[in-house]
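Novice: The opening residue of the sequence shown carries number 1 in UniProt numbering; numbering runs sequentially from there.
For every residue, glycine included, the Cβ atom is placed at its ideal position computed from N, Cα and C.
The structure is given below, and queries will be raised subsequently.
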Amino acid sequence: MKVYTKTGDKGTTALFGGTRVPKDHIRIDSYGTVDELNSYIGLIRDQEMDSHYKTILIEIQDRLFTVGAILATPQEKEVLKNGELRLKNLGIIDSDIQLLENEIDKMDESLPQMTHFVLPGGHPTVSHCHIARCICRRAERLAVHLSHNEHVPEIAIQYLNRLSDYLFVLARKLSSDLKAEEVKWIPRK
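Here is the structure:
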């Protein structure tokens, strides 16, 4: 199988099911941003940290491939000609969101209560988490934008929303674990 197909040389690409759309279509932007997020989470996973976080990040990366597949499939192509679901063994389910919430709660238990906004930074690993959080928020905004005109399962948007919360708390937890300075934002008076 060749990496290059030349089918996109005129600025179009195929969605799952074969529908061709311009490469700047909101659907492409949406799942492309999820792919960008997935790559950035890989960068976070490559940092020195507790193996538990790495295990959770691998699970998240797997789920993001699923979110990308969901966003790459137009509603009219969700069911194959034989009546089977195109993504029959793929999906985001409530337990995927519950995993993120459980992890957030566990990390939060060991962190001091937030009293101020936190400035991103303090350690390269923490900074990577904040960048991933911002990419996740962009992916969520794009998925919401796509949902205004095309079908997007609500649970995929919920997953992205919860994931950005997870990445924020992970940044705080890693800041604590790495004994990095957490700088609070203090507005001018």
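Taking just the CA atoms, how far does S164 sit from H128?
Specialist: Position 128 of the sequence shown, counted from the start, is the residue given in the question as residue 128. Position 164 of the sequence shown, counted from the start, is the residue given in the question as residue 164. Between H128 and S164, the C-alpha separation is close to 13 Å.
Novice: Over the uninterrupted alpha helix (DSSP H) stretch that includes A171, give me the two end residues.
Specialist: Along the sequence shown, read from residue 1 onward, the residue named residue 171 stands at position 171. Segment E154 to D177, the alpha helix (DSSP H) holding A171.
Novice: Counting along the chain, where does the alpha helix (DSSP H) carrying A132 start and finish?
Specialist: As a first step, residue 132 must be located in the sequence shown, where it is residue number 132. That run of the alpha helix (DSSP H) goes P124 to S147.
Novice: Taking Q158 as the reference, which of R137, R172, A171 and K173 has the closest Cα?
Specialist: For the purposes of this step, residue 158 is identified with residue 158 of the sequence shown, where counting begins at 1. Looking at the Cα atoms, R137 is the closest of the given residues.
Novice: On the CB-based measure, 16 or more other CB atoms within 10 Å of its CB, does N38 come out buried or exposed?
Specialist: Taking the first residue of the sequence shown as 1, we reach residue 38 at position 38. Classification for N38: buried.
Novice: For T73, is the classification buried or exposed, using 16 other Cβ atoms within 10 angstroms of its Cβ as the cut-off for buried?
Specialist: Sequence index remark: in the sequence shown, residue 73 carries index 73 (1-based). Buried: at least 16 other Cβ atoms inside 10 Å.
Novice: By Cβ distance, which residues of its chain are closer than 8 Å to I58, with the 5 residues on each side in sequence left out?
Specialist: The count along the sequence shown starts at 1 and reaches residue 58 at position 58. So the list reads R45, once near-sequence residues are dropped.
Novice: What whole-angstrom Cβ distance do Q75 and E150 have, given they're in contact under 8 Å?
Specialist: Residue numbering aside, residue 75 sits at position 75 when the sequence shown is read from its first letter. Residue numbering aside, residue 150 sits at position 150 when the sequence shown is read from its first letter. With a Cβ gap of about 7 Å, Q75 and E150 count as contacting.
Novice: Between which residues of its own chain and I28 is the CB-CB distance below 7 Å, once the five residues before and five after are set aside?
Specialist: As a first step, residue 28 is located in the sequence shown; it is residue number 28 there, counting from the start. Hits under 7 Å: T13 and V21.
Novice: What residue from S95, R141, D35 and Q47 has the CA that sits closest to Q61's CA?
Specialist: What you label residue 61 is simply residue 61 of the sequence shown in a count that begins at 1. Comparing Cα-Cα distances from Q61 to each of S95, R141, D35 and Q47, the minimum goes to D35.
Novice: For A33 and P112, what's the separation of their Cα atoms in angstroms?
Specialist: Against the sequence shown, residue 33 aligns to sequence position 33. Against the sequence shown, residue 112 aligns to sequence position 112. A small correction: the amino acid at residue 33 is Thr; Ala does not occupy that position in the sequence shown. Taking the straight line joining both Cα atoms gives about 32 Å.
Novice: For I93 and V67, what's the separation of their Cα atoms in angstroms?
Specialist: On the sequence shown, position 93 is the one that residue 93 refers to. On the sequence shown, position 67 is the one that residue 67 refers to. In a straight line, the C-alpha of I93 is about 11 Å away from that of V67.
Novice: Using 10 angstroms around the beta-carbon of M114, count the other beta-carbons present and answer buried if the total reaches 16, otherwise exposed.
Specialist: Counted from its first residue, the sequence shown places residue 114 at position 114. That one is exposed.
Novice: With H, G and I counted as helix, E and B as strand and the rest as coil, what does DSSP make of A69?
Specialist: Position 69 of the sequence shown, counting from 1, holds the residue named residue 69. The answer is helix: DSSP assigns A69 an H, G or I state.
Novice: Closer than 8 Å by C-beta to residue 190: which residues in its own chain qualify, once you throw out the five before and the five after it? Chain order, please.
Specialist: Nothing in the structure corresponds to residue 190, since the chain is present only between 1 and 189.
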